[in-house]
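Numbering (the working numbering), first residue to last: 1481 to 1696. Backbone N, C-alpha and C fix where the C-beta goes; we use that ideal spot for every residue, glycine too.
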């Protein structure tokens, strides 16, 4: 019974991994298809302020300009989406949709004139969400997830600053800001795992010792 209660606060790991793999495979299929057919997929990116590209907030995270761009985003997506779905099963759909759409909308509103695309806005959002929500919740699983993300992808923090002209730091910054905001909003949305208790913890030591110590 206790085992069931502890597991009910987290998602199914196999399912979480499958969902993460599915999303990652989709962006690979899109890139390979674009390369084989010679498609100008960058046109499905976001051009800030242009009404024609407003709906591209839905397609921009799926588009990548090069194999190196795609590879750089794939493993972080796979790892952090798995953690998100597993550790925060209740809030994960809302968080993912908000990061996916919200970061694109912010880019469309405030970014410099250029074509913005790629999943790095989403990866930055996931990184900041998982770290901040883990710090705020402080339960063992959330904290462990936060530390894992920090040690693996802590360097992502530098991506929110303008460094290279060809990199959309605005997408990174938008994802990071939303990630922090969503962590604050959803910090208590998922139930915390109950601490495991072992049989020996249920023994009443006082009953075993009794009042024998008073005779000494």
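Excluding residues up to 5 positions away in sequence, 1640 lie with their Cβ nearer than 6 Å to the Cβ of residue 1653 in the same chain. Looking at 1510, 1559, 1667 and 1573, the one whose alpha-carbon comes closest to that of residue 1542 is 1510.
Going by C-alpha positions, residue 1550 is about 6 Å away from residue 1544. Beyond the five residues adjoining it in sequence on each side, residue 1537 comes within less than 7 Å, by CB distance, of 1526, 1581, 1584, 1585 and 1588 in the same chain, given in chain order.
Using a Cβ distance threshold of 9 Å, residue 1507 and residue 1548 do not count as a contacting pair. Contact between the region 1556 to 1567 and the region 1614 to 1625 is present: three or more C-beta pairs spanning the two stretches fall below 8 Å. Rounded to the nearest angstrom, the gap between the Cα atoms of residue 1530 and residue 1521 is 17 Å.
Just so you know, the alpha carbons of residue 1637 and residue 1608 end up roughly 9 Å apart. Annotation note: the region 1615 to 1669 contains the following uninterrupted alpha helix (DSSP H) runs of length 4 or greater, listed N- to C-terminal: 1620 to 1633 and 1649 to 1665. Looking at 1546, 1534, 1513 and 1496, the one whose alpha-carbon comes closest to that of residue 1570 is 1496. For residue 1616 and residue 1573, the gap between their C-alpha atoms comes out near 20 Å.
Rounded to the nearest whole angstrom, the C-alpha separation of residue 1596 and residue 1674 is 43 Å. Inclusion of residue 1514 and residue 1579 in the CB contact set at 9 Å is not warranted, their separation being larger than that value. When the beta-carbon positions are compared, residue 1557 and residue 1599 come within less than 9 Å of each other. Per DSSP, the unbroken alpha helix (DSSP H) holding residue 1584 starts and ends at 1572 to 1590.
Taking the Cβ atoms as the reference, residue 1672 lies roughly 5 Å from residue 1619, within the contact range of under 8 Å.
Straight across, the Cα-Cα distance linking residue 1665 with residue 1659 is about 10 Å. Counting of Cβ neighbours within 10 angstroms places residue 1611 among the buried residues, the total reaching 16 or more.
Residue environment for residue 1546: exposed (fewer than 16 other C-beta atoms within 10 angstroms of its C-beta).
For residue 1526, DSSP records a beta bridge to 1596.
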